[in-house]
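Inspection log for the structure reproduced underneath, given as structure tokens.
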Amino acid sequence: MAVEQTLTLLVLDLVGCFVFAISGGLMAVRKELDIFGVIVLACVTGLGGGFLRDMAIGATPVAALSDWRYLVVPMAAGLLAFYFHPALGRLGPMINVFDALGLGLFVIAGAVKALDFGLSPLAAAVMGLATGVGGGVIRDVLAGQVPIILRRSVFYAIPAFAGAAIVAFGLFLTLPQPLVMAAAFAVCAGWRLLAMWQHWEAPLPRGSASV
Amino acid sequence: MAVEQTLTLLVLDLVGCFVFAISGGLMAVRKELDIFGVIVLACVTGLGGGFLRDMAIGATPVAALSDWRYLVVPMAAGLLAFYFHPALGRLGPMINVFDALGLGLFVIAGAVKALDFGLSPLAAAVMGLATGVGGGVIRDVLAGQVPIILRRSVFYAIPAFAGAAIVAFGLFLTLPQPLVMAAAFAVCAGWRLLAMWQHWEAPLPRGSASV
Amino acid sequence: MAVEQTLTLLVLDLVGCFVFAISGGLMAVRKELDIFGVIVLACVTGLGGGFLRDMAIGATPVAALSDWRYLVVPMAAGLLAFYFHPALGRLGPMINVFDALGLGLFVIAGAVKALDFGLSPLAAAVMGLATGVGGGVIRDVLAGQVPIILRRSVFYAIPAFAGAAIVAFGLFLTLPQPLVMAAAFAVCAGWRLLAMWQHWEAPLPRGSASV
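The following block contains the structure:
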């Protein structure tokens with residue numbers, strides 16, 4: 020099983036991990052956890068999606084354990100969230116914005132790595148989605164909330180799956196890699212930010228099964 | 020490590036995945052999630068147990084990622100649950116009936132695959148149990164409920180473990196495969212359906228540690 | 020990938036599994052689950068951390084499935100918790116004391132095994148932490164509680180990480196193994212017991228992000 024972890028993949032993974040860990044750390048601050056709790060929730064949020072992906076495709080030991088940068092980056096993000104959260108102003112919107120950026124980066128990294136491991140484009144798209152939403156799902160479950168992916172799929176799961184599918188099928192069809200990745204990021208993160216901006220305070224309709 | 024995934028195993032896995040995904044989709048409908056949330060919860064419920072099993076025994080990439088049918092089947096089940104749930108009448112009982120059928124199929128498939136990977140009969144029985152209850156546990160945790168396996172073990176965990184043990188020890192003793200599987204399914208799904216039918220509204224006794 | 024599972028590691032793992040499973044079983048008794056629910060929660064708590072570790076480092080089939088003792092020990096612990104919990108008096112403190120002992124044993128076993136698999140000391144320390152807290156996190160999530168690791172990091176996560184780091188870096192520097200392990204256990208379990216004893220009823224400060 021060939022592992023060709025390109026530099027692009029590494030950088031995407033680390034940046035995505037950082038912004039996701041920030042979102043986990045800010046959630047922990049909002050829940051009034053102490054400094055170590057903030058770091059732990061930051062790390063779990065930043066690394067959870069990649070852990071799930073690597074365990075599922077058999078890329079063990081998982082990447083986060085093979086490279087010290089995957090451990091240091093989310094720890095640093097947790098410290099930043101703990102000490103500088105007052106400067107970030109209102110925490111709720113910030114968590115969601117960081118979450119959107121991390122989502123875009125993670126679905127790309129997840130789909131690329133799954134293709135590298137020989138998965139089909141459909142399976143790679145699903146792994147991209149899992150990489151993108153895994154950390155947030157674990158964050159929400161640990162914080163005692165129903166995961167955002169289940170509550171706000173127009174904001175979250177559909178953009179994530181769209182971005183992952185663009186990468187998986189685009190690279191499978193050997194379209195130009197930078198173009199494919201840029202399109203995927205724009206669709207995933209852009210869609211989500213736009214949806215959040217437009218429907219910021221939109222309540223979920225009660226008594227209806229569709230948004 | 021020899022993987023001999025028989026056709027029987029594949030069919031059991033796919034049918035179990037379908038009915039489990041239906042149960043997850045109906046739970047999502049009852050929680051008023053939108054269409055994508057329904058599909059995601061259907062997939063997680065249908066694939067979660069097999070994911071856990073394959074990651075634990077080292078069958079990676081996990082089966083659900085190696086065969087597109089494992090991805091398409093639960094997606095279709097989620098769509099069915101979303102569009103046709105009104106025809107299913109009261110949702111609560113339906114979720115439980117589908118759950119019982121999926122449980123019976125999954126414990127068999129899980130125990131068979133674990134034996135194929137060289138695990139002992141006891142370990143294979145435990146993996147059968149994990150395959151059967153894993154998806155439902157993840158479904159309940161994501162939906163914000165204490166897992167049914169912990170609340171209703173006479174309805175759930177004991178029949179599942181009994182079915183898994185029948186398969187694991189029956190095949191280990193080289194008893195006839197169709198007979199062993201039929202007995203396991205009858206015990207697991209039948210026991211559970213019977214228990215549900217008889218004690219449908221039975222409240223859990225308070226102030227007591229035993230049922 | 021060389022697996023050299025020493026006898027020391029096996030014994031630590033089994034004893035840690037036993038006391039952790041007791042803590043899970045007592046939690047289940049307190050939640051008024053029936054006998055099978057108690058056994059299941061005991062097994063999940065006793066085996067969850069090791070499952071996570073083995074899946075993450077690629078030690079599959081995971082240890083709990085390769086050795087029947089890993090399955091029988093937590094089942095026996097669950098039975099003990101179910102039948103003898105009245106003799107244990109107040110359940111809350113007992114759960115925490117067993118939890119502290121299991122934590123000390125598990126972080127050591129987890130870090131040692133991760134080093135055996137060639138992980139760096141930092142990654143081994145993280146795996147020791149994950150092994151130690153994984154079962155308790157799963158226990159709390161299944162029981163519908165925010166995990167104790169996030170609520171009481173001074174009691175829990177910091178001692179666990181300190182113990183894991185002592186083992187990981189101590190053995191990496193080829194310090195004497197018994198000395199390193201004794202120091203790690205004393206720091207981890209001792210710190211946690213001391214913190215619990217001193218701040219037994221200490222409420223979490225509200226309106227503050229730091230303890």
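Order-wise, the sequence lines are chains Y, H and A.
Here our numbering is used: the first residue of the first sequence is 20, the next is one more, and so on.
Here our numbering is used: the first residue of the second sequence is 20, the next is one more, and so on.
Here our numbering is used: the first residue of the third sequence is 20, the next is one more, and so on.
Beta carbons are placed, not taken as given, at the ideal position from N, Cα and C, and that holds for glycine.
Looking only at its own chain, which residues have a Cβ that is under 6 Å from the Cβ of Y:A232, when we skip the five neighbours before and after it?
Only positions 20 to 230 of chain Y appear in the structure, and residue 232 of chain Y is not among them; the question remains open.
Taking the alpha-carbon positions, what's the A:S229 to A:G68 distance?
At A:S229 the pLDDT is 37, less than 50, meaning the model places this residue with poor confidence; the figure from the coordinates comes in the next sentence. Between A:S229 and A:G68, the C-alpha separation is close to 27 Å.
What separation, rounded to the nearest whole angstrom, lies between the Cα atoms of A:P142 and Y:L90?
Residue 142 of chain A is actually Ala in this sequence, not Pro. Taking the straight line joining both Cα atoms gives about 8 Å.
For the candidate residues H:F180, H:L29, H:V59, whose alpha-carbon lies nearest to that of H:D86?
Nearest option by C-alpha distance: H:L29.
Determine the direct distance from the alpha carbon of A:I54 to that of A:L122, and round the result to whole angstroms.
C-alpha separation (whole angstroms): 25 Å.
Name the residue from H:R49, H:T27, H:D32 whose alpha carbon lies nearest to the alpha carbon of H:D159.
Ranking H:R49, H:T27, H:D32 by Cα distance to H:D159 puts H:R49 first.
Starting from the N-terminal side, write out each stretch of the alpha helix (DSSP H) that is 4 residues or longer and does not extend beyond the segment 99-153 of chain H.
Correct list: 110-135.
Can you look up H:G77 in the DSSP assignment and give me helix, strand or coil?
In this structure, H:G77 counts as coil in the three-state DSSP scheme.
Output yes if chain Y places a C-beta closer than 8 Å to the C-beta of H:D32; else output no.
No, H:D32 does not count as interfacial toward chain Y.
Which value, in whole angstroms, describes the spacing of the CA atoms of A:A162 and H:V165?
Looking at the two C-alpha atoms, the distance is approximately 6 Å.
Counting only C-beta atoms, is A:I76 closer than 8 Å to chain Y at any point?
By this cut-off, A:I76 is an interface position.
Can you list the residues of chain A that H:I58 reaches, using a CB-CB cut of under 8 Å?
Within chain A, no residue comes near H:I58; the closest Cβ sits about 24 Å away, beyond 8 Å.
Can H:F39 and H:G154 be called in contact, C-beta distance under 8 Å?
It is a contact, given that the beta carbons lie within the stated cut-off.
Beta-carbon separation of A:A144 and A:A187 under 8 Å?
Going by C-beta atoms, A:A144 is nearer than 8 Å to A:A187.
Between H:G189 and the rest of its own chain, which residues show a CB-CB distance below 6 Å, the 5 nearest in sequence each way excluded?
The residues are V199.
For H:I157, which residues in the same chain have their Cβ closer than 6 Å to its Cβ, ignoring the five residues on either side in sequence?
Once the five neighbours on either side are set aside, the close Cβ partners of H:I157 are V63, G67.
Can you tell me whether H:P197 is buried or exposed, with buried defined as 16 or more other CB within 10 angstroms of its CB?
H:P197 is exposed by the Cβ-count criterion.
Please state whether DSSP places H:S172 in a helix, a strand or coil.
Three-state DSSP puts H:S172 in coil, outside helix and strand.
Could one say the Cβ of Y:L66 lies closer than 8 Å to chain H's Cβ atoms, at least one of them?
For Y:L66, the answer is no, since every Cβ of chain H falls outside 8 Å of its Cβ.
Along chain Y, in chain order, which residues have C-beta atoms closer than 8 Å to that of A:V91?
Under the 8 Å cutoff, chain Y gives no residues; its nearest Cβ is about 26 Å from A:V91.
So, is the C-beta of H:I168 closer than 8 Å to a C-beta in chain A?
By this cut-off, H:I168 is an interface position.
Please confirm if Y:W87 has its CB atom under 8 Å from at least one CB of chain A.
Yes - at least one Cβ of chain A is within 8 Å of the one on Y:W87.
Note down the Cα distance separating Y:A95 from Y:I58, rounded to an integer number of angstroms.
The alpha-carbon atoms of Y:A95 and Y:I58 are separated by roughly 8 Å.
If I follow the unbroken alpha helix (DSSP H) through H:L212, where does it start and stop?
Run containing H:L212: 210-217, per the alpha helix (DSSP H) assignment.
Along chain A, in chain order, which residues have C-beta atoms closer than 8 Å to that of H:V126?
Near H:V126 there are no residues of chain A at all, since even the closest Cβ is about 14 Å away, more than 8 Å.
For a contact meaning CB atoms closer than 7 Å, what does Y:G163 contact in chain A?
Ordered by position in chain A, the residues that pass the 7 Å Cβ test against Y:G163 are V165.
Note down the Cα distance separating A:G35 from A:G65, rounded to an integer number of angstroms.
Their Cα atoms are separated by approximately 8 Å.
Of all Cβ atoms in chain D, is any one closer than 8 Å to the Cβ of A:L52?
The question asks about chain D, but that chain is absent: this structure's protein chains are Y, H and A.
Does the beta-carbon of Y:Q217 have 16 or more other beta-carbons within 10 angstroms, so that it is buried, or is it exposed?
Exposed, because fewer than 16 other Cβ atoms sit within 10 Å of the Cβ of Y:Q217.
How many angstroms separate the CA atom of H:L134 from the CA atom of A:A75?
Straight-line Cα distance between these residues: approximately 22 Å.
Express the C-alpha separation of H:D32 and A:P222 in angstroms, rounding to a whole number.
With a pLDDT of only 39 at A:P222, under the threshold of 50, the placement of this residue in the model should not be trusted, and no figure is reported.
Y:V173 CB to nearest chain H CB: under 8 Å?
Chain H, which has a Cβ nearer than 8 Å to the Cβ of Y:V173, makes this yes.
Over what stretch of residues does the alpha helix (DSSP H) that includes Y:A162 continue unbroken?
No alpha helix (DSSP H) holds Y:A162; DSSP gives it neither H nor E.
If the cut is a Cβ gap below 7 Å, which residues of chain H does A:V160 touch?
Those are V160, listed as they occur along chain H.
Can you give me the start and stop residues for the alpha helix (DSSP H) that H:V199 sits inside?
Residues 196-204.
Relative to the C-alpha of H:I41, which candidate in H:L84, H:T27, H:G97 has its C-alpha closest?
For the residues H:L84, H:T27, H:G97, the minimum Cα distance to H:I41 belongs to H:G97.
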